[in-house]
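In terms of this note's numbering, the sequence shown is numbered consecutively and its last residue is 371. Below: the structure, in structure tokens.
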Amino acid sequence: MKKISLILTVIFALLIMLTSCKKDKEVIKADIIPQNFKVDIPSSISNSSKANKSDNLDGGEIYGHLTTFIAVGENSAEIVESIMRAIREYDLDQAMSFSYTSDDDGRTKSVVIVENSTFEGQNWEYQLTTTDEDGGKAMQIFWNNSPVKGISIFNPYNFNRSETDEWSDENTMYRIDYSEAGTYYDAEMTVYISGLKLPDNTIGDNRFAMETLKMFAGKKGDIVDVFGNSNHPNATLFDENTVGFNWAFVAAGNETSDIGVAEVGLPPSNLNSTDRTEILGQYSIHDVFYNELIAEGSSQTEIDIYLVNTSPPGYFTNGGFLIAGTSPGSSYDAIQSSMESLTPYNPVTVSNLTISFKTMQLYN
Numbered sequence: 008m009k010k011i012s013l014i015l016t017v018i019f020a021l022l023i024m025l026t027s028c029k030k031d032k033e034v035i036k037a038d039i040i041p042q043n044f045k046v047d048i049p050s051s052i053s054n055s056s057k058a059n060k061s062d063n064l065d066g067g068e069i070y071g072h073l074t075t076f077i078a079v080g081e082n083s084a085e086i087v088e089s090i091m092r093a094i095r096e097y098d099l100d101q102a103m104s105f106s107y108t109s110d111d112d113g114r115t116k117s118v119v120i121v122e123n124s125t126f127e128g129q130n131w132e133y134q135l136t137t138t139d140e141d142g143g144k145a146m147q148i149f150w151n152n153s154p155v156k157g158i159s160i161f162n163p164y165n166f167n168r169s170e171t172d173e174w175s176d177e178n179t180m181y182r183i184d185y186s187e188a189g190t191y192y193d194a195e196m197t198v199y200i201s202g203l204k205l206p207d208n209t210i211g212d213n214r215f216a217m218e219t220l221k222m223f224a225g226k227k228g229d230i231v232d233v234f235g236n237s238n239h240p241n242a243t244l245f246d247e248n249t250v251g252f253n254w255a256f257v258a259a260g261n262e263t264s265d266i267g268v269a270e271v272g273l274p275p276s277n278l279n280s281t282d283r284t285e286i287l288g289q290y291s292i293h294d295v296f297y298n299e300l301i302a303e304g305s306s307q308t309e310i311d312i313y314l315v316n317t318s319p320p321g322y323f324t325n326g327g328f329l330i331a332g333t334s335p336g337s338s339y340d341a342i343q344s345s346m347e348s349l350t351p352y353n354p355v356t357v358s359n360l361t362i363s364f365k366t367m368q369l370y371n
């Protein structure tokens, strides 16, 4: 399973870099840098420590893993928000360029901040780009202030060449799109992750390791809607010959009461569909489990054991997964209604997700 702490290690390298480059000014132009760059997701549906564990693979474990995958996406966005806050603190808010030697890998990193950039057909007030001494890009941030909107793309490898682990390498990329310019949500973000390394899938839960993710989160009032897909190309359930699934999900949580509701589908990684009924219905946890168990020749008694908590949706409290299929009470009505209007992404598109930096006209 993906270790959330490994994602967050890049924050410390960034903060060290920004601290070492603080400008000699007493007045900080705090209004230039957005104060927020992420949507907070209620911990009921985003918490790696609350993944359900049982002796048998059942619906509760599938829902439990979902909170971990959502937490991976949210923590990626926290990295970006930490970067933006460091920029605010150290007043790196005007056109400038400088270099520094990283305390982590001893390599020279270059930082360029420009005004009036373009990327993906849009004009941006500011662009910050950080590169390694060999030209490898570590980070690009594009942002506007009125209304607040931005894109951040980063590659942890080019921040710290000396730190490697089993989960990421030079091909691992993260991207967060954030906006307060929408017409429905107060704030929204889309998180993209690609190129996570796949560890040995014969060890423990490693077969569920995630390679790519695309996740949307939108906040309106106290309700946070979340939907997306994470791809697990080595995942198997009961039939070892059926390999590769998306965790395709829709969810909603209440920020104040910290309760949540979610529906999960397990479509094959190569499914090419945007049909909600197909992704979450035909490939519901219950139907995928049932069909594989029947194909394996399991008895009805055995099937019943595995089908525990497979009926949609799943309900969550601040303690994690609670129960599936039957609502615990009317307090869930509003978030369940909101969740039912959401649809995951096309599984094959997420499975083949790639993330790229801006390459042409790098600084303008």
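For glycine and all other residues, C-beta sits at the position ideal for the given N, C-alpha and C. Keep in mind it's a predicted model, so treat the numbers as computed, not measured.
{"query": "4 or more residues per run - each alpha helix (DSSP H) lying fully within the region 61 to 117", "result": "66 to 97"}
{"query": "Bridge-paired residues (DSSP) for Gln134", "result": "Val121, Phe149"}
{"query": "Nearest residue (CA-CA) to Val233, options Gln42, Gly66, Phe44, Ile77", "result": "Ile77"}
{"query": "Residue range of the beta strand (DSSP E) that includes Leu360", "result": "Here Leu360 belongs to no beta strand (DSSP E), and DSSP marks it neither H nor E."}
{"query": "contact_flag[the region 41 to 50, the region 83 to 93] where n(CB pairs < 8 Å) is 3 or more", "result": "yes"}
{"query": "Classification of Thr219 by the beta-carbon crowding that lies within 10 angstroms, buried from 16 upward", "result": "buried"}
{"query": "Buried/exposed call for Gly260, threshold 16 Cβ in 10 Å", "result": "buried"}
{"query": "Assigned secondary structure, Ile48 (DSSP; H/G/I helix, E/B strand, else coil)", "result": "coil"}
{"query": "Beta bridge counterpart(s) of Lys129 as assigned by DSSP", "result": "Here residue 129 is Gln; the residue named in the question, Lys, does not match the sequence. Phe126."}
{"query": "Backbone secondary structure at Asp31 - three-state DSSP", "result": "Note that Asp31 scores a pLDDT of 40, beneath 50, so its modelled location is shaky and nothing firm can be said."}
{"query": "Between the CA atoms of Met103 and Thr350 - distance to the nearest angstrom", "result": "43 Å"}
{"query": "Whole-angstrom distance between Ser106 and Asn167, CA atom to CA atom", "result": "15 Å"}
{"query": "Backbone CA spacing between Pro49 and Tyr322 [nearest angstrom]", "result": "13 Å"}
{"query": "Simplified DSSP state of Thr179, which is helix, strand or coil", "result": "coil"}
{"query": "Status (buried if at least 16 other CB within 10 Å, exposed otherwise) for Ser210", "result": "Residue identity differs from the one stated: residue 210 is Ile in this sequence, not Ser. By the 10 Å Cβ count, Ile210 comes out exposed."}
{"query": "Selection from Glu347, Gly327, Tyr352 that minimises the alpha carbon distance to Thr75", "result": "Gly327"}
{"query": "Rounded straight-line distance, which links the Cα of Leu205 to that of Trp174", "result": "7 Å"}
{"query": "Lys279 to Val357 span [Cα, whole Å]", "result": "In the sequence on display, residue 279 carries Asn and not Lys. C-alpha separation (whole angstroms): 10 Å."}
{"query": "Chain-order list of residues whose beta-carbon lies under 7 Å from that of Glu127 (same chain, five-residue window excluded)", "result": "none"}
{"query": "Nearest-angstrom beta carbon gap, Gly272 and Ala255 [assumed within contact, 8 Å]", "result": "4 Å"}
{"query": "Rounded straight-line distance, which links the Cα of Ala216 to that of Phe252", "result": "11 Å"}
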